[in-house]
Amino acid sequence: MKDVIVIGGGPAGIGAALEAKKTGAKSVVLLERDRELGGILNQCIHTGFGLHEFNEELTGPEYAQRFINQLKNEDIEVHLNTMVMDLTEDRRVTALGEQGIWQIQGKAVVLAMGCRERTAGAIDIQGYRPAGVYNAGMAQRILNMEGYQIGKEVVVYGSGDIGLIMARRMTLEGAKVKAVVEVMPHSSGLYRNIAQCLEDYEIPLLLRHQIQEVHGKDRIEGITISQIDEQWQPVKGTQQIISCDTLLLSVGLIPENELSEKGKVLLDPKTKGALVNSMMETNVPGIFSCGNVLHVHDIVDFVTKESRIAGRNAARFAIDDLPCGTELSVKPGKGVAYTLPQKIMVEDPEGITLSLRSYKIYRKAAIKVKDGERTVKEKRERMIVPSEMVQIHLDAKELKSLRGEIMIEIEGEENE
Ligand SMILES: Cc1cc2nc3c(=O)[nH]c(=O)nc-3n(C[C@H](O)[C@H](O)[C@H](O)COP(=O)(O)OP(=O)(O)OC[C@H]3O[C@@H](n4cnc5c(N)ncnc54)[C@H](O)[C@@H]3O)c2cc1C
Numbered sequence: 001m002k003d004v005i006v007i008g009g010g011p012a013g014i015g016a017a018l019e020a021k022k023t024g025a026k027s028v029v030l031l032e033r034d035r036e037l038g039g040i041l042n043q044c045i046h047t048g049f050g051l052h053e054f055n056e057e058l059t060g061p062e063y064a065q066r067f068i069n070q071l072k073n074e075d076i077e078v079h080l081n082t083m084v085m086d087l088t089e090d091r092r093v094t095a096l097g098e099q100g101i102w103q104i105q106g107k108a109v110v111l112a113m114g115c116r117e118r119t120a121g122a123i124d125i126q127g128y129r130p131a132g133v134y135n136a137g138m139a140q141r142i143l144n145m146e147g148y149q150i151g152k153e154v155v156v157y158g159s160g161d162i163g164l165i166m167a168r169r170m171t172l173e174g175a176k177v178k179a180v181v182e183v184m185p186h187s188s189g190l191y192r193n194i195a196q197c198l199e200d201y202e203i204p205l206l207l208r209h210q211i212q213e214v215h216g217k218d219r220i221e222g223i224t225i226s227q228i229d230e231q232w233q234p235v236k237g238t239q240q241i242i243s244c245d246t247l248l249l250s251v252g253l254i255p256e257n258e259l260s261e262k263g264k265v266l267l268d269p270k271t272k273g274a275l276v277n278s279m280m281e282t283n284v285p286g287i288f289s290c291g292n293v294l295h296v297h298d299i300v301d302f303v304t305k306e307s308r309i310a311g312r313n314a315a316r317f318a319i320d321d322l323p324c325g326t327e328l329s330v331k332p333g334k335g336v337a338y339t340l341p342q343k344i345m346v347e348d349p350e351g352i353t354l355s356l357r358s359y360k361i362y363r364k365a366a367i368k369v370k371d372g373e374r375t376v377k378e379k380r381e382r383m384i385v386p387s388e389m390v391q392i393h394l395d396a397k398e399l400k401s402l403r404g405e406i407m408i409e410i411e412g413e414e415n416e
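Numbering (full-length UniProt numbering), first residue to last: 1 to 416.
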């Protein structure tokens with residue numbers, strides 16, 4: 001029997017394991033399927049990590065290494081090359097590792113399995129399935145970790161952060177990136193990435209454009225794109241063929257929740273991650289969740305912050321010290337795509353930070369936390385965009401004053 005078992009050795013899992021140990025868990029086990037710790041950070045060799053956590057601009061591997069170093073000084077059992085295959089509601093973990101299949105029982109379990117990329121199959125592109133079509137994150141791994149060149153003439157489909165970063169990365173490797181094609185009227189990446197990855201390299205961003213067809217049988221030879229209208233129909237006369245030998249797909253990330261479902265953890269259809277309370281505990285007592293498996297983050301520093309809450313409370317659960325109290329639901333209101341956590345405990349002495357994403361771009365925005373008609377807290381932002389997570393903090397006094405279900409709304413000048 002172990003106090004805390006953490007599944008996944010990315011920044012979320014490492015952060016949770018460290019915090020669980022610090023809080024007083026006697027035995028903490030960290031299970032990672034890869035050959036090394038660090039998760040997705042190992043392939044992110046660009047800078048932009050750690051601005052909140054260290055007030056420094058680090059690369060992904062540098063950020064990960066700071067936590068891996070801390071782990072080395074702790075009595076935490078780490079198993080690499082160990083794939084967790086099953087999880088039960090009563091926190092029994094089955095893993096396949098170097099010693100074969102084995103089982104361990106946890107008093108508490110932290111889910112930190114990250115997320116995976118949506119594939120070509122998920123977006124229904126017409127044409128054959130030729131070589132040269134990659135998911136952007138996979139291409140990043142092949143290029144940055146395995147050291148292989150991907151292609152010479154590139155189109156990126158989807159303007160999320162991975163797509164933007166790969167457009168710049170391929171350019172730096174000598175490829176010609178002909179365009180980043182995006183179906184939405186705005187990019188789904190961070191503003192800083194649009195400036196630093198596209199504008200600085202004069203890579204065109206074609207908004208409200210869709211791929212109609214992929215050409216080529218053995219290797220991709222080009223794509224046909226066209227502009228689309230508000231009903232997502234192709235606009236006549238706007239079709240164009242772009243020749244390319246590589247198409248990178250950056251069309252969304254999905255939390256890796258197969259294990260969560262096996263453990264009977266309820267998922268939120270909006271985040272596709274677990275429903276959690278402010279202690280990052282799921283509906284299953286003793287199972288906690290954090291990081292990209294809970295909801296897809298844009299900034300790793302927030303992953304670390306969240307992982308500390310999950311790790312601390314998993315340890316408290318294991319040593320029978322988890323606080324309990326009155327829980328209230330938090331619901332997304334006008335303009336809000338999702339909020340997290342979905343439940344909060346009003347007696348929390350440290351207060352609680354709520355995370356949310358908007359549906360649209362808002363200028364001169366006000367985020368309002370309401371219980372009924374009353375506005376409990378308001379935060380003003382010059383601009384809110386769907387790609388950037390927003391946070392609003394309620395202190396202990398504001399929490400205590402809450403009566404009934406909480407709704408978060410955004411008001412402001414709407415842009416598409
Ligand atoms: C291309 C890209 C660029 C980014 N750029 C930035 C940036 O500039 N700045 C920034 O702050 N953030 C950036 N991020 C975001 C940040 O890297 C992620 O938010 C963060 O890595 C998520 O951490 P995680 O631990 O939740 O998931 P991951 O890092 O994905 O780790 C999950 C781990 O769980 C393991 N795992 C999964 N299933 C199992 C299983 N069944 N058994 C055992 N192990 C398992 C995986 O192997 C993996 O190691 C970027 C992300 C990407 C993809």
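All C-beta atoms in this analysis are idealised placements derived from N, C-alpha and C, irrespective of residue type, glycine included.
Cβ neighbours of residue i in the same chain (closer than 6 angstroms, five flanking residues each side left out)
{"i": "Leu207", "result": "Glu182, Pro185"}
{"i": "Ala108", "result": "Val4, Gly286, Ala314, Phe317, Ala318"}
{"i": "Thr375", "result": "Lys368"}
Residue i CB to nearest heavy atom of ligand 1 below 6 angstroms
{"i": "Leu172", "result": "no"}
{"i": "Phe49", "result": "yes"}
{"i": "Gly252", "result": "no"}
{"i": "His297", "result": "yes"}
{"i": "Met280", "result": "no"}
{"i": "Gly189", "result": "no"}
{"i": "Pro11", "result": "yes"}
{"i": "Gly100", "result": "no"}
{"i": "Gly263", "result": "no"}
{"i": "Leu58", "result": "no"}
{"i": "Met145", "result": "no"}
{"i": "Cys197", "result": "no"}
{"i": "Ile165", "result": "yes"}
{"i": "Gly39", "result": "yes"}
{"i": "Val300", "result": "yes"}
{"i": "Met83", "result": "yes"}
{"i": "Asn303", "result": "It should be noted that the sequence gives Val, not Asn, for residue 303. Yes."}
Span separating the alpha-carbon of residue i from that of residue j
{"i": "His209", "j": "Thr224", "result": "10 angstroms"}
{"i": "Met85", "j": "Gln212", "result": "38 angstroms"}
{"i": "Ser243", "j": "Arg168", "result": "19 angstroms"}
{"i": "Thr119", "j": "Val251", "result": "8 angstroms"}
{"i": "residue 445", "j": "Lys397", "result": "Any question about residue 445 goes unanswered here, given that the chain covers just 1 to 416."}
{"i": "Ser289", "j": "Glu221", "result": "43 angstroms"}
{"i": "Thr200", "j": "Val180", "result": "The question names Thr, but residue 200 is Asp in the sequence shown. Cα to Cα, the separation comes out at about 14 angstroms."}
{"i": "Ala366", "j": "Glu381", "result": "6 angstroms"}
{"i": "Gly158", "j": "Tyr134", "result": "12 angstroms"}
{"i": "Ala274", "j": "Ser260", "result": "8 angstroms"}
Status (buried if at least 16 other CB within 10 Å, exposed otherwise) for residue i
{"i": "Glu281", "result": "buried"}
{"i": "Pro255", "result": "buried"}
{"i": "His295", "result": "buried"}
{"i": "Val240", "result": "In the sequence on display, residue 240 carries Gln and not Val. Result: exposed."}
{"i": "Leu402", "result": "buried"}
{"i": "Leu205", "result": "buried"}
{"i": "Met170", "result": "buried"}
{"i": "Gln342", "result": "buried"}
{"i": "Leu101", "result": "Checking the sequence shown, residue 101 turns out to be Ile, not Leu. Exposed, by the Cβ-count rule."}
{"i": "Phe49", "result": "buried"}
{"i": "Met1", "result": "exposed"}
{"i": "His297", "result": "buried"}
Nonlocal neighbours in the same chain, by C-beta distance under 8 angstroms from residue i, ignoring five residues either side
{"i": "Thr339", "result": "Val330, Lys331, Pro332, Leu354, Ser355, Leu356, Ile408"}
{"i": "Lys152", "result": "Gly174, Ala175, Lys176, Asp245, Thr246"}
Chain-order list of residues whose beta-carbon lies under 7 angstroms from that of residue i (same chain, five-residue window excluded)
{"i": "Glu202", "result": "none"}
{"i": "Gly97", "result": "His79, Asn81, Thr82"}
- Pair every Cβ in the region 388-396 with every Cβ in the region 339-355, then say whether three or more of these pairs are closer than 8 angstroms. At 8 angstroms Cβ cutoff, the stretches touch.
### Message
Tell me whether the region 135-142 and the region 33-50 touch, counting them as touching only if at least three CB pairs, one residue from each stretch, are closer than 8 angstroms.
### Response
Taking a cut-off of 8 angstroms for Cβ pairs, the region 135-142 and the region 33-50 touch, as three or more such pairs fall below it.
- Would you call the region 5-24 and the region 297-307 touching, i.e. three or more CB-CB distances under 8 angstroms? yes
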